[in-house]
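Residue numbers (our numbering): 969 to 1254. Cβ atoms here follow ideal geometry from the backbone N, Cα and C, with glycine treated the same way. Because the structure is a prediction, the values reported are computed rather than measured. See structure below.
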Ligand SMILES: [Zn+2]
């Protein structure tokens, strides 16, 4: 409708210019068009927003809108909008953002529903040492609420940490995604962990190392254990160092003295027996 009016107005304007121009009449047409359009827009705004207390603001918005419509380079038009109602597609829990290894507050991450399918995390991370290179590959069970790259980064940082095994024995850890890796470090649901750990009994709660497999229980990776008092990152350091420690030939050690750091080769997931949480093989009881 506005377009029709405008083109009519343009046509009329051309015609009037052809006849030598009658400014007063053109002005009156323009003023008339302006006020009719303004009243129409105000009417629409008032119908859409019956809230009387906001009418002054809306009137101000409406006049801004009219100016902006006639002058394309003006400030952006402020148009009242409604917040869209969430649709059915938003009712599914959202996956954590790519950089998150912890779930966003309020959502429940999946750490138990098992698909039984493993996916290799693509990419590699160079060793930071030169002694006896040991290659490992990170695999994650499909459907778990973890970001593969973030998990792989956390594992590599743990293995190459100055407090880790590299400081105690001739080994350098290098991450690969190739099939011929020396070690597979697998993050899996309790169900798949139990299968991959056989003949060991992990009971849905523990992690393990069997042959070339280090299997990290996703439930523990997400929630750690009560004795770690919410220090999930530290527990992740512990479980990686403990299980890889088995792959390097280390057996279990008990808590030597209450109140001192637990040995990394203690089965800390089963309890600390008075020792303090400790994730690093270089930190000993004093
Ligand atoms: Zn163990």
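- With contacts defined by Cβ atoms closer than 9 Å, residue 1113 and residue 1077 form a contacting pair.
- Look at the beta carbons and you see the segment 1156 to 1163 not touching the segment 1130 to 1144: under three pairs across the two are nearer than 8 Å.
- Scanning its chain for C-beta atoms nearer than 6 Å, with the 5 sequence neighbours on each side dropped, one finds around residue 1097 the residues 1134 and 1140, in chain order.
- Distances from the CA of residue 1106 to each of 1099, 1100 and 1093 were compared; the closest alpha carbon is that of 1093.
- Judged by the Cβ position, residue 1201 fails to qualify as a neighbour of ligand 1 at the 8 Å threshold, every heavy atom of the ligand being at least this far.
- With distances taken between CA atoms, residue 1177 lies nearest to 1214 out of 1108, 1214 and 1155.
- Remark: the shortest separation between the CB of residue 1211 and any heavy atom of ligand 1 falls under 8 Å.
- In this structure, DSSP gives residue 1178 an extended state, which the three-state scheme calls strand.
- A distance criterion of 8 Å places the beta-carbon of residue 1235 in contact range of ligand 1, judged by its closest non-hydrogen atom.
- With contacts defined by Cβ atoms closer than 9 Å, residue 1158 and residue 1206 do not form a contacting pair.
- With a cutoff of 9 Å on beta-carbon distance, residue 1202 and residue 1192 are scored as near each other.
- Taking a C-beta distance under 9 Å as the contact criterion, residue 1089 and residue 1145 qualify as a contact pair.
- Assignment of residue 1103 by DSSP, reduced to helix, strand and coil, places it in the strand class.
- Taking the Cβ of residue 1223 as the reference point, every heavy atom of ligand 1 lies at 8 Å or farther away.
- Residue pairing by DSSP leaves residue 1188 without any beta bridge partner.
- Rounded to whole angstroms, the separation of the alpha carbons of residue 1108 and residue 1083 is 11 Å.
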